[in-house]
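J.: Each residue of the sequence shown is one higher than the one before, starting from 95 at the first, in the working numbering. Glycine included, C-beta positions come from ideal geometry on N, C-alpha and C. Keep in mind that this is a model prediction, so the values were computed, not measured. Pasting a structure below so you can have a look.
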Amino acid sequence: MNVPTKLQVLEQYFGYASFRPGQEELIDALLRGQDVVGVMPTGAGKSLCYQVPALLMEGVTLVVSPLISLMKDQVAALVQNGVRGAYLNSSLTWGQYQKALRNARAGLYKIIYVAPERLLTPEFLDFAQSVEVSMVVIDEAHCVSQWGQDFRPSYLDIPDFVDKLPRRPVVSAFTATATPRVRRDILSLLRLRHPFVNVTSFDRPNLYFEVRRPKDKLQELFTLLEPRREKSGIVYCATRKGVEEVCTALGERGFAATRYHAGLSDQERQKNQEDFLYDRATVMVATNAFGMGIDKSNVSFVIHYNMPKDLESYYQEAGRAGRDGQPAECFLLYSGQDVSLARFLLAHSEEGQDLDPRAQEQLAQQNERRLQAMTGYCHTTSCLREYILHYFGEHAPTQCGNCQNCLGVFQQVDVTQQAREITVCVGHLRGRYGAAMVTDVVRGSKSEKVLRQGLDRFPSYGKLRGQKEDFVREVIHTLVLQGFLEQSAGEYPTLRQGDRAPELLRGEACVLLQVRREDGDAVPKKKAPQDLPKGDPQLYDRLRQVRAKLSAAQNVPVYVIFSNATLDAMAAYRPTTPAQLLEVPGVGQAKLQKYGMAFLKEIQRWVRERAEQSEA
Ligand code: ADP
Ligand code: MG
């Protein structure tokens, strides 16, 4: 009998004609019997890297996986493809578990998914020792590290389990998120032997990223879709209800839209999916249930109607655009309510229900941190691609040139003054009121509530008279995100001053708001270095002194603060506002926050002195 090749397996079981970048090297190493670590973005196809060799190896492959839902999906997909697979976790009843183990002993399964907590239980160990285990796969391997997002203590048991097997199987570890620190942990804590390590870049240069905050999302969606009628794209909504509403509205507008969510019959889902795949429907409106295992290469835009719960989900879903390598666009329509909606969905998800209370608490905290990071994406004024890649532990240039922030679709408006008034007002109100009341007070509202409580007699009353309500709310939101204000949890959140409030009140911090340019024209945000006149040497020296002081005070090397080239550009361009400073190459949002004020003050002083000199 001929032994099939890896390509035959790929075709026969998975129906694909070729490997994706990174897959083949990992598969070859495993087939040679070498341990591997595969770091690949979500959706890149890590499963195939171990499933293909598993089918080519003699014995059983055990896959350690952290989540019941993941195991179920993976096994369902395998069985669909004619692979004998099963999972062993706490979602099975005692009887089901026993039966599955019996089947496993009888050699019925080729690939078995197992929760890490099971490995060292006497029953499972006894089984594993009695069969030939050819490979142990550790999926979501970052769970072994305390530095990662999803530390799972029982992942630390995996090497002990491997040691207890009569013959050491080849061990492979896969993850999508591995900072260097986590990567080191994976190598050492899992006790891998001379592993072949393959890291695939997460970057998808052909994708354009943009976040919009429309007042009316549906209207904005029409605006986006109208010029893209000829193209094929996905609109993701957070809920089934959202899918229904949006899909109906698009239909009424004459778009060839179809829908997909878990509430539809299998039959309808199948049909709608095919309509989309074969371009009979050009827009697919769907929940995140849509997309698994779908590989339509000519999707040229993905629009998120709601912000997803984390960047992993966002990047995976947005990443369904531009599979063919053609330029494609990813838009996110953000509103503050998306954050509460994501929180609500997280609180009601099945994820983690098999964990003990402590682990559940940890999971909840991680979810919250990830949600924060996702929200940060919607608010950042620096390069969106860098933000994403940085999140996934990859170094990236601070300017990609293919996202809204790099293309200058937005401009920064300095709202430090207004932010200060609001923060002062929040201090006066002593944590008793929420954003709505704070907004009313600073705008000098004569509403009954304000007058009844006598808030019109507060010194902050009417300080921002004439400013739009939306604008004030947006500033408050930014202040919360940046730690100048703090918002309580619960149904009626109240505001108080945050840890960073003193910084703002002392004039050491600035606050910028991102506003869409009215002209809508994309203009490069950064000044190109060659366009700048040579910096004034005297100012340059003074900026160097500022840098030296900061460096000594914070005990960091000078170049960590700003490079000489950046100081030179500052001396040439002489920015006097935070927004102008941001236009200087080498100044990003984070550095502006940390160091900007010190340099701006020096430049302002210098400009003043010069003016006085020329008057005299
Ligand atoms: P990951 O675990 O890296 O997030 P998966 O293993 O779940 O990703 O794979 C994501 C999708 O990519 C799956 O639908 C899978 O079938 C598909 N896929 C994987 N490898 C290939 C390939 N070589 N050709 C086409 N599609 C692939
Ligand atoms: Mg995976």
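Just reading off the alpha helix (DSSP H) that F486 is part of, what are its end residues?
T.: As a first step, residue 486 must be located in the sequence shown, where it is residue number 392. From DSSP, F486 is part of no alpha helix (DSSP H); its letter is neither H nor E.
J.: Are the stretch 219 to 238 and the stretch 155 to 163 touching, with three or more C-beta to C-beta distances below 8 Å?
T.: The stretch 219 to 238 vs the stretch 155 to 163: in contact.
J.: Where does M531 sit, in a helix, a strand or coil, going by DSSP?
T.: To locate residue 531, count along the sequence shown from 1; it is residue 437. Looking at M531 - three-state DSSP - the assignment turns out to be helix.
J.: Given 7 Å as the limit, tell me if G139 has its C-beta closer than that to any heavy atom belonging to the ligand ADP.
T.: Counted from its first residue, the sequence shown places residue 139 at position 45. Yes.
J.: Quick check on DSSP: helix, strand or coil for A513?
T.: By 1-based counting over the sequence shown, the position of residue 513 is 419. Helix, per DSSP.
J.: Can you give me the Cβ contacts of D418 inside the same chain, cut-off strictly under 7 Å, excluding the 5 residues immediately before and after it?
T.: Counting from one through the sequence shown, the residue named residue 418 turns up at place 324. Taken in chain order, the residues that qualify are S391 and N392.
J.: For C519, which of helix, strand or coil comes out of DSSP?
T.: As a first step, residue 519 is located in the sequence shown; it is residue number 425 there, counting from the start. It is helical.
J.: Could you spell out where the alpha helix (DSSP H) holding N499 opens and where it closes?
T.: The residue given as residue 499 occupies position 405 in the sequence shown. Looking at the DSSP string, the run of the alpha helix (DSSP H) that includes N499 is Q498 to L501.
J.: Per the DSSP calculation, M134 is bridged to which residue(s)?
T.: One-based indexing of the sequence shown puts residue 134 at position 40. DSSP output for M134 lists no bridge partner at all.
J.: My guess is that K311 and T376 are in contact by the Cβ rule of under 8 Å, so how many angstroms apart are they, rounded?
T.: The sequence position of residue 311 within the sequence shown is 217, counting from 1. The sequence position of residue 376 within the sequence shown is 282, counting from 1. Not quite, the Cβ-Cβ distance comes to about 20 Å (not below 8 Å), so this is no contact.
J.: Based on the DSSP secondary-structure assignment, which residues constitute the bridge partners of S326?
T.: Residue numbering aside, residue 326 sits at position 232 when the sequence shown is read from its first letter. Looking at the DSSP assignment, S326 forms a beta bridge with V393.
J.: Is the distance from the Cβ of A467 to the Cβ of D404 below 8 Å?
T.: On the sequence shown, position 373 is the one that residue 467 refers to. On the sequence shown, position 310 is the one that residue 404 refers to. Cβ distance < 8 Å, so A467 and D404 count as in contact.
J.: Spell out the partners DSSP gives Q505 in its beta bridges.
T.: Residue numbering aside, residue 505 sits at position 411 when the sequence shown is read from its first letter. Bridge partners of Q505: V609.
J.: Measure the C-alpha to C-alpha separation of R298 and C494 and round it to an integer number of angstroms.
T.: The sequence position of residue 298 within the sequence shown is 204, counting from 1. The sequence position of residue 494 within the sequence shown is 400, counting from 1. Answer to the nearest angstrom: the Cα atoms are 11 Å apart.
J.: Using C-beta distances below 6 Å, list every residue in its chain close to P289, excluding the 5 sequence neighbours before and after it, in chain order.
T.: One-based indexing of the sequence shown puts residue 289 at position 195. Cβ neighbours of P289 beyond the five flanking positions: D129, V130 and V131.
J.: Could you tell me whether any non-hydrogen atom of the ligand ADP is closer than 7 Å to the CB of S112?
T.: Position 18 of the sequence shown holds residue 112. S112 Cβ: within cutoff of the ligand ADP.
J.: Among R479, L558 and P669, which has the Cα closest to the Cα of Q512?
T.: Reading the sequence shown from its first residue, position 418 is the one you call residue 512. Measuring from the Cα of Q512, the nearest candidate turns out to be L558.
J.: For Q168, count neighbouring C-beta atoms within 10 Å of its own C-beta (all shown protein chains included) and say buried if the count is 16 or more, exposed if not.
T.: Residue 168 sits at position 74 when you count from the first residue of the sequence shown. By the 10 Å Cβ count, Q168 comes out buried.
J.: Only counting the same chain, and skipping five residues up and downstream in sequence, which positions put a Cβ closer than 6 Å to that of E105?
T.: By 1-based counting over the sequence shown, the position of residue 105 is 11. Correct list: empty, nothing qualifies.
J.: Could you tell me the boundaries of the alpha helix (DSSP H) in which E706 lies?
T.: In the sequence shown, the residue the question calls residue 706 occupies position 612. Per DSSP, E706 belongs to the alpha helix (DSSP H) from M691 to E709.
J.: Looking only at its chain, what residues have a beta carbon closer than 8 Å to the beta carbon of M531, apart from the 5 residues adjacent to it on each side?
T.: Position 437 of the sequence shown, counted from the start, is the residue given in the question as residue 531. Once the five neighbours on either side are set aside, the close Cβ partners of M531 are L523, K543, V544 and L549.
J.: Would you check if the distance between the CB atom of E314 and the CB atom of L427 is smaller than 8 Å?
T.: Position 220 of the sequence shown, counting from 1, holds the residue named residue 314. Position 333 of the sequence shown, counting from 1, holds the residue named residue 427. Yes, these two residues count as a Cβ contact at 8 Å.
J.: Less than 7 Å between the CB of F349 and some heavy atom of the ligand ADP, yes or no?
T.: To locate residue 349, count along the sequence shown from 1; it is residue 255. Flag unset: Cβ of F349 not near the ligand ADP.
J.: Report the three-state DSSP secondary structure of N658 (helix, strand or coil).
T.: Residue numbering aside, residue 658 sits at position 564 when the sequence shown is read from its first letter. Note: N658 maps to helix in three-state DSSP.
J.: Tell me the DSSP secondary structure of Q648 in three-state form.
T.: Here residue 648 is taken as the residue at index 554 of the sequence shown, counted from 1. Helix at Q648.
J.: Is the closest heavy atom of the ligand MG to the C-beta of D233 under 7 Å?
T.: Position 139 of the sequence shown, counting from 1, holds the residue named residue 233. Within the cutoff, so yes.
J.: Quick check: does the Cβ of L142 come within less than 7 Å of any heavy atom belonging to the ligand ADP?
T.: Position 48 of the sequence shown, counted from the first residue, corresponds to residue 142. Yes - the ligand ADP has a heavy atom lying nearer than 7 Å to the Cβ of L142.
J.: With 16 as the cutoff for other CB atoms within 10 Å, does A616 come out buried or exposed?
T.: Stepping through the sequence shown from its first residue, residue 616 is reached at position 522. In this prediction, A616 has a pLDDT of 42, which is less than 50 and means its spatial position is unreliable; what the coordinates show is noted afterwards. Its Cβ having fewer than 16 others within 10 Å, A616 is exposed.
J.: From H489 to F221, what distance separates their C-alpha atoms?
T.: Walking along the sequence shown from the start, residue 489 turns up at place 395. Walking along the sequence shown from the start, residue 221 turns up at place 127. Each residue's alpha carbon lies about 44 Å from the other.
J.: Where do the ends of the alpha helix (DSSP H) carrying N300 lie?
T.: Along the sequence shown, one-based indexing puts residue 300 at 206. Neither: N300 is in no alpha helix (DSSP H) and is coded neither H nor E.
J.: Can F438 be considered in contact with the ligand ADP, in the sense that its beta carbon sits closer than 7 Å to one or more heavy atoms?
T.: Position 344 of the sequence shown, counting from 1, holds the residue named residue 438. F438 Cβ: outside cutoff for every heavy atom of the ligand ADP.
J.: Round the Cβ separation of G153 and V97 to the nearest angstrom and send it over; I've been treating them as touching at under 8 Å.
T.: Walking along the sequence shown from the start, residue 153 turns up at place 59. Walking along the sequence shown from the start, residue 97 turns up at place 3. Not really, about 15 Å apart at Cβ, beyond 8 Å.
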